[in-house]
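Chemist: Its first residue numbered 762, the sequence shown is counted upward by one per residue in the numbering used here. Using N, Cα and C, we set each Cβ at its ideal position, and we do this for glycine too.
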Amino acid sequence: MSADVFESAVDLEETHFAEGHQQGLEIGTKAGVIEGRELGLQKGWEIGQEVGFYAGCVQMWRQLQKRAPAAFPHRADKGMTTLETLTKTFPLTDPKDERMQSMMEDMRGKFKAVAAMLGVLEDYFPSQKSSAAESLAF
């Protein structure tokens, strides 16, 4: 009989361990889904905001180009067309698309190139020197 008492004590520990492990998995899964959803919403918002920014800049530049075509060199026009295509074909509704990261990098690079060709790069990306000098003004 004494062997049964110890055996049930060992089984009790293993049973509680298994139950605790199962509860931990369930709670962790729920927490992971909630945290993953929040992170996905945040990152999706950031990506959408960036793509929308580039699309808005291209639209604005196109409107300005209609008013002053001479201010837009051919290379800048070509770059705007490429950037416009990238923003329109970006897979906003398919987060599993493998091209997403490379397209974002392409958009960032093309935006900087076009902004530099138009002479407005400093407007979008102020240099460190100018902001440091402004902060030291008395």
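1) Just confirm the distance between the C-beta atoms of residue 840 and residue 875, as a whole number of angstroms; I'd bet it's less than 8 Å.
2) First and last residue of the alpha helix (DSSP H) that includes residue 884?
3) Quick one: give me the first and last residue of the alpha helix (DSSP H) that residue 847 is part of.
4) Taking the alpha helix (DSSP H) that residue 859 falls in, what are its first and last residues?
5) Look at the Cβ atom of residue 844, then the Cβ atom of residue 878, and state whether they are nearer than 8 Å.
6) Excluding sequence positions up to five away, which residues of its chain have a Cβ less than 7 Å from the Cβ of residue 898?
7) Can you tell me whether DSSP reads residue 853 as helix, strand or coil?
8) Exposed or buried, which one is residue 831 when buried takes at least 16 other CB atoms within 10 Å?
9) Put residue 829 into one of helix, strand or coil per three-state DSSP.
10) If I'm right that residue 872 touches residue 818 with Cβ under 8 Å, what's the distance once you round it to whole angstroms?
11) If you draw a straight line from the C-alpha of residue 862 to the C-alpha of residue 852, how long is it?
Modeler: Based on what the coordinates show:
1) Here residue 840 refers to the residue found at position 79 when the sequence shown is read from its first residue. Here residue 875 refers to the residue found at position 114 when the sequence shown is read from its first residue. Rounded, the Cβ-Cβ distance is 4 Å, consistent with contact.
2) Translated into positions along the sequence shown, residue 884 becomes position 123. 882-885 is the extent of the alpha helix (DSSP H) around residue 884.
3) Counted from its first residue, the sequence shown places residue 847 at position 86. Element bounds for residue 847: 835-850.
4) As a working mapping, residue 859 is identified with position 98 in the sequence shown. Unbroken run through residue 859: none, as it is neither H nor E.
5) Residue numbering aside, residue 844 sits at position 83 when the sequence shown is read from its first letter. Residue numbering aside, residue 878 sits at position 117 when the sequence shown is read from its first letter. Contact flag unset, no.
6) Position 137 of the sequence shown, counted from the first residue, corresponds to residue 898. Note on residue 898: pLDDT 45, under 50, position unreliable in the model; no value is reported.
7) Residue 853 sits at position 92 when you count from the first residue of the sequence shown. Coil, per DSSP.
8) Against the sequence shown, residue 831 aligns to sequence position 70. Answer is exposed; the Cβ neighbour count stays below 16.
9) Taking the first residue of the sequence shown as 1, we reach residue 829 at position 68. The answer is coil: DSSP assigns residue 829 none of H, G, I, E or B.
10) For this step, residue 872 is matched to residue 111 along the sequence shown. For this step, residue 818 is matched to residue 57 along the sequence shown. So it is a contact: roughly 7 Å between Cβ atoms.
11) Numbered from its first residue, the sequence shown carries residue 862 at position 101. Numbered from its first residue, the sequence shown carries residue 852 at position 91. So the alpha carbons of these two residues sit roughly 10 Å apart.
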